[in-house]
Each structure stands twice: as C-alpha cells, then as structure tokens.
Amino acid sequence: IYKLKDQVINSLKERDQLKLYCDLELPLASILAKMEQNGIRLDISTIRKMEEEVQEKLDDLTLRIYKLANKEFNINSYAQVAEVLYDDLNLPAHKKRSTAADYLEEIASFHPIVNLILDYRKYAKLQGTYIKGLQNFVHGDGKIHTIYNQFLTQTGRLSSKEPNLQNITIRDDEQRMVRKAFLPSNENSYLLSIDYSQIELRVLAHMADATSLINAFNNDEDIHLQTAMKIFDIENKDDVTSLQRRQAKAVNFGIIYGISDWGLAEQLGVSVSKAKDFINKYFATFPEIKTYLDKAVSDCEKNGYVKTLFNRIRYVKEINDPNYTVREFGKRVAMNAPIQGTAADIIKKAMLDIDKLLNDKNYQTKMLLQIHDELVFEVPENELMEVIPLICETMENAASLKVRLKVDYGYGKNWYDAK
DNA sequence: TTGCTCACG
DNA sequence: ACGTACGTGAGCAAG
Ligand SMILES: [Mg+2]
Numbered sequence: 009i010y011k012l013k014d015q016v017i018n019s020l021k022e023r024d025q026l027k028l029y030c031d032l033e034l035p036l037a038s039i040l041a042k043m044e045q046n047g048i049r050l051d052i053s054t055i056r057k058m059e060e061e062v063q064e065k066l067d068d069l070t071l072r073i074y075k076l077a078n079k080e081f082n083i084n085s086y087a088q089v090a091e092v093l094y095d096d097l098n099l100p101a102h103k104k105r106s107t108a109a110d111y112l113e114e115i116a117s118f119h120p121i122v123n124l125i126l127d128y129r130k131y132a133k134l135q136g137t138y139i140k141g142l143q144n145f146v147h148g149d150g151k152i153h154t155i156y157n158q159f160l161t162q163t164g165r166l167s168s169k170e171p172n173l174q175n176i177t178i179r180d181d182e183q184r185m186v187r188k189a190f191l192p193s194n195e196n197s198y199l200l201s202i203d204y205s206q207i208e209l210r211v212l213a214h215m216a217d218a219t220s221l222i223n224a225f226n227n228d229e230d231i232h233l234q235t236a237m238k239i240f241d242i243e244n245k246d247d248v249t250s251l252q253r254r255q256a257k258a259v260n261f262g263i264i265y266g267i268s269d270w271g272l273a274e275q276l277g278v279s280v281s282k283a284k285d286f287i288n289k290y291f292a293t294f295p296e297i298k299t300y301l302d303k304a305v306s307d308c309e310k311n312g313y314v315k316t317l318f319n320r321i322r323y324v325k326e327i328n329d330p331n332y333t334v335r336e337f338g339k340r341v342a343m344n345a346p347i348q349g350t351a352a353d354i355i356k357k358a359m360l361d362i363d364k365l366l367n368d369k370n371y372q373t374k375m376l377l378q379i380h381d382e383l384v385f386e387v388p389e390n391e392l393m394e395v396i397p398l399i400c401e402t403m404e405n406a407a408s409l410k411v412r413l414k415v416d417y418g419y420g421k422n423w424y425d426a427k
C-alpha cells in the first residue's frame, strides 16, 4: 500500500485530479460519515397509522379486482396480471406483454380493472417499500441511518442504501404523506430543506456558454416557459398553454439526457417527425448548445472519456462500439455525464463549505441528508433564521459560473412540511 | 439470482 | 434499417 501511494498520487497529478481527490472527495468522506451517524428520526406511531389505512385500501382494491377478473390471483405477480389482462380479458398487449404503468395507462379506458390494478400497485409500493420497509431500518435510537456510497455511480453522484433515502416519495399527494413521519430528533428543532433550482440546465448553460439561456436564468425567468416561447414561436407569455410548457420541459430534460427524436417522441406521445421539429427548433434557438453537445460527443470519440468541470472522468467504452444501439448509448452518456457530474461536483463542494461554516460558528445545526440537488438539515429553533441565509448563500456560491446558481428552501416540524 | 416494476433526482 | 431518453435502490415473484 505504501508503494502504491506514490503511484496513485502521480496518476492523479497526471490527470489533474489531485484537487478533486484531496480537496473534495477526501474531506467529503468524513462529512458523509457524520451524516450517517446523525441519522434522521422516524416516528413509528405516524407510520403505523398509515400502515393500517393503506392496508384497508389494499384489501378493498383486492376484492374489487378479484370480482372484475372473476377469479382470485396474486396481483403482485406480473405474470398473473398479464394473464388476466391479455388472455382472460383479451386487452391489447404491448411488446413482451409488459404490464408497466406506461402501457396499462393506454388501455385503462377499455376495462375498469386496469385502473384498479394501477391503484393497487401504487398502494402496494407505498406499503411495502416505504411503510413496512422503512420501519425495518429504525435503530434503537429511533432513527434511520442510511449508508451513502461515495464511489459507486458513473457520474460522481452519491447513492444511498439500507434504506435508500434519496427516493422517498414526493410526486404523488398520498404517497408524499410518508414524509410526515420524518422528524427532527428533538422538540426544539426543525427540518430545513434547501434545493438547487434547475442546477443541471444552469450547468449546461455555463459549459455551453449559451448566452440567451444564461440571460434567462440570470433574469430569474421560468425556464420551461421561456423555452416554450422560443421553440413554438410565441411572443406573449400568457399565450403559452400548459401543454406547450410541458412539452418544452420534456425537451429540456431530453437535452440533459442526450436527446434523441425517438426518445422525445416516446416521452411526449407525439410523432417522431414532430419531436424532430422540436429538437431542431431548440438548437436553432440555442445554437451554442448544439455546438457544445456535438463537441462533447466528438471529444469522447477521440479520447474515450468525458470530464466534468472539476475534472472528474467517465470512461465511455461504448462510444466506439460496432453495435449501433450501444454506440448511441455512448453518445448520450457523453452528453449527460459532464452535466450530471458537474452538478454532483458542485453540491459536494457546497457540503464542504457548509460543514466548515457550521463548525466555525459553532452552530448545532446538523446536515442529515443529500438528495442529489437538495440538502436536508436539522436546525434548532434559535438558529433557524440565522442559518437559512448563510447556508443558502453558501450553496449559491459553491461554484462561480457564468450563470447564477439559485436555491429554494422550506422548513417545518417534519419533512413533509419542509416545502 | 434474475427480471420486472416503480420510487427518486 | 437500426432503436432508447440520464443516474440510482428496493420489493416481489419465479426459477
Ligand atoms: Mg430542485
């Protein structure tokens, strides 16, 4: 190990990654350890109450599904669900008789059992993973102590396991209630959640030096609305429909994922030629982004890897693969990894700066969770109004880009209310 | 152990 | 003609 040290340090130097290692990842390791040891309190009585209510829903749905199917079967079994839908009831099946929600939604109008199964799935997920599942991870101190993996993902993000606290439900109003069970560890404290606004699109605007996108962000515009106005040629904000805004939002996501006309068409449920129009219009509006993404791909083809702003490297062996599909995947990775990875670099830097801030000023505020673009803190009431602007400012200044970084925050007596 | 599904950013 | 959006983890059924 001692001999290896010099070799490793040398290869980090050659790659210009010494700073990334010594000043970012290494100090972050002990911060993550502290976060894991702190843990977050889960209120068992709240979650038990939810368990009973959800079980009633599941029992009721089960009976109604059996009745419509004219038989009893295991609704948790995809094979048995497929048999009921595609054989017994003769509903139209997609490729490989998939029963994934995207496909079931398309046939929901043909038979009432379909929505009941979708509903059942929703509550079963809630019950299994988030209500019963989480309880199994509560330690003797009444807290959940997740495990962060600092060096697993291909992009530089963290991952979280046992349990995963980076995928706690939020999008569905009922499933979101799980967050009411996450509490600060004492009566005097609040949970404070601060998240970056559109950090990946801002990173893209910076890296591509896309003037009009940078200006839109610096003027604090609604970026999906602005995108809609430009790709649909709309002059007045008020004339943008919610559908057009949603479509523009999907285009923005697509850009970050490494856009393809087929993928966008699939996502939006429009024709491929329509999707192609959207993309062409987008690139005509933001020509620097087209230039940047093309260069990301061609650099990757030449070097076999891509880099983040902080010099994190992702090797992309797929980029020169003889197989078309694999190669196309390599191109999307080449476009996405620098963006997702730079955003990960920035929040890691923010975590170091915040840790130093809290230590230097002897605050009792504790950082508990990281969810990719969001940090969750436990804050004593008497520190709350003082630390909010300090932490927000620290996050916004964690990196100085051509575009301003912006955060939003919320706090409350539980995670649900910290919005 | 593997594949499917679904939860998050 | 090819054929999928990027990054993860967990629970369940089936072999
Ligand atoms: Mg956000």
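According to our numbering, the residues represented by the first sequence are 9 to 427, in order.
Using N, Cα and C, we set each Cβ at its ideal position, and we do this for glycine too.
Are the Cβ atoms of residue i and residue j separated by less than 8 angstroms?
i: Asp181; j: Val415; result: no
i: Leu76; j: Ala132; result: no
i: Leu40; j: Gln206; result: no
i: Pro171; j: Phe145; result: yes
i: Gly440; j: Tyr323; result: It is not possible to answer for residue 440, since the shown part of the chain is limited to 9 through 427.
i: Ile178; j: Arg187; result: yes
i: Gly266; j: Asn344; result: yes
i: Thr350; j: Glu296; result: no
i: Leu212; j: Tyr128; result: no
i: Phe240; j: Ile231; result: no
i: Lys410; j: Asp228; result: no
i: Ile347; j: Ile242; result: no
i: Thr107; j: Leu93; result: yes
i: Gln135; j: Val89; result: no
i: Lys444; j: Gln183; result: This structure leaves residue 444 out entirely; the chain is present only between 9 and 427.
i: Ile379; j: Gln174; result: yes
Could you say which of the options lies nearest to residue i if we only look at CA atoms?
i: Phe286; options: Gly266, Ile321, Lys238, Tyr313; result: Lys238
i: Phe430; options: Thr107, Tyr313, Leu199, Asn98; result: As displayed, the chain neither begins before 9 nor continues past 427, which places residue 430 out of reach and without an answer.
i: Met43; options: Lys369, Leu360, Asp246, Ile399; result: Leu360
i: Gly47; options: Arg72, Pro100, Leu69, Ile155; result: Ile155
i: Arg320; options: Leu112, Leu26, Ala426; result: Leu26
i: Tyr357; options: Ala345, Phe318, Asp241; result: The question names Tyr, but residue 357 is Lys in the sequence shown. Ranking the options by Cα distance to Lys357, first place goes to Phe318.
i: Gly150; options: Ile52, Asp329, Leu71, Val16; result: Ile52
i: Leu461; options: Phe81, Glu389, Ile396; result: Because the chain spans 9 through 427 in this model, residue 461 falls outside it and cannot be assessed.
i: Leu32; options: Leu413, Lys421, Asp363; result: Asp363
i: Arg49; options: Glu22, Ser193, Ser38; result: Ser193
i: Asp24; options: Arg335, Lys315, Gln45; result: Lys315
i: Leu251; options: Trp270, Ser268, Gly271, Val278; result: Val278
i: Glu80; options: Ala87, Asp14, Leu71; result: Leu71
i: Thr293; options: Tyr86, Gly141, Leu221, Leu112; result: Leu221
i: Thr137; options: Glu114, Leu112, Ile176; result: Ile176
i: Lys57; options: Ser268, Gln143, Gly420; result: Gln143
i: Thr333; options: Ile115, Ser268, Tyr111; result: Ser268
Measuring only from the beta carbon, is residue i closer than 7 angstroms to any heavy atom that is part of ligand 1?
i: Asp203; result: yes
i: Asp487; result: A question about residue 487 goes unanswered here, because the residues of the chain that appear run from 9 up to 427.
Assuming residue i contacts residue j under a Cβ cut-off of 8 angstroms, what Cβ separation, rounded to an integer in Å, is found between them?
i: Phe291; j: Lys298; result: 4 angstroms
i: Val384; j: Leu376; result: 5 angstroms
i: Asn260; j: Thr235; result: 6 angstroms
i: Trp423; j: Leu199; result: 5 angstroms
i: Thr373; j: Glu391; result: 5 angstroms
i: Ile55; j: Ile139; result: 6 angstroms
i: Val305; j: Ala342; result: 5 angstroms
i: Ser201; j: Glu382; result: 6 angstroms
i: Tyr29; j: Leu20; result: 5 angstroms
i: Ile121; j: Ile73; result: 6 angstroms
i: Leu276; j: Ala258; result: 5 angstroms
i: Tyr300; j: Met215; result: 6 angstroms
i: Gly418; j: Ala407; result: 23 angstroms between Cβ atoms; not a contact.
i: Thr161; j: Ser168; result: Incorrect: roughly 11 angstroms between the Cβ atoms, too far for contact.
i: Leu126; j: Ala109; result: 6 angstroms
Could you pull out every unbroken beta strand (DSSP E) segment of at least 3 residues lying fully inside the segment 301-386, listed in chain order?
313-315, 321-323, 374-378
Beta strand (DSSP E) runs wholly inside the segment 103-174, at least 3 long, in chain order
155-157, 167-169
Report the start-end ranges of each beta strand (DSSP E) in the segment 236-309 that is 3 residues or longer and not cut off at the edges.
none
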